[in-house]
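S.K.: Supplied in structure tokens, the structure appears directly below.
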Amino acid sequence: MTFGQTIRRLRRERRLTQRELAQQIQARGLRADFTYISKIENDRLDIPPSEPLIRALAEVLGADADQLLDLAGKFDQRALQEVVSEIPEAGVLLRRLQARKFTRQQIRKFLDETE
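Residue numbers for the sequence shown follow our numbering, beginning at 1 and rising by one.
Right, dumping it as structure tokens:
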């Protein structure tokens, strides 16, 4: 199930319209209208919603924010910052991953070795 499909299912379970969901997001100080909610639900966004918006969706829809962040392909920025501050080498690793300095095979091997 995609991020958008999950949002649609949760919204319908709570018997909210897209407009009502957007209004509840707006009440939390974030920008969203029913057309944006529609794009989310239909997986028509080029990039996933921001972390604060995903957290607001989780709050309104009674969902686990971390699960929604995972579905959207987002990382918990606070958790990443904590790890990097505790283990500086993790920051080096993340920068190298971001710069695509590793092959997919190297990443898989690393993950297999660290299980």
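The beta carbon of each residue, even a glycine, is placed where N, CA and C say it ideally should be.
Considering only their Cβ atoms, is the gap separating R28 from E59 smaller than 9 angstroms?
M.R.: Cβ distance < 9 angstroms, so E59 and R28 count as in contact.
S.K.: Near P48, which residues of its chain fall below 7 angstroms by C-beta distance, leaving aside the five closest residues on each side in sequence?
M.R.: Once the five neighbours on either side are set aside, the close Cβ partners of P48 are F3, A72, G73, K74.
S.K.: So, using beta-carbon positions, are F34 and L45 closer together than 9 angstroms?
M.R.: No, the pair does not count as a contact, with Cβ atoms beyond the cut-off.
S.K.: Note down the Cα distance separating R14 from L61, rounded to an integer number of angstroms.
M.R.: Going by the C-alpha atoms only, they are around 7 angstroms apart.
S.K.: CB-CB under 6 angstroms to R8, same chain, minus the five flanking residues each way: which ones, in chain order?
M.R.: The residues are E41.
S.K.: Rounded to whole angstroms, how far is the Cβ of L80 from the Cβ of E51, which I believe are closer than 8 angstroms?
M.R.: The pair is not a contact, with the Cβ atoms about 11 angstroms apart (cut-off 8 angstroms).
S.K.: Skipping 5 residues on each side, what residues in its chain have a beta carbon closer than 7 angstroms to that of I39?
M.R.: Note on residue identity: the sequence assigns Lys, not Ile, to residue 39. Cβ within range, chain order: L45.
S.K.: When you compare only the Cα positions, how much space is there between L57 and S85?
M.R.: Approximately 28 angstroms, taken between the alpha carbons.
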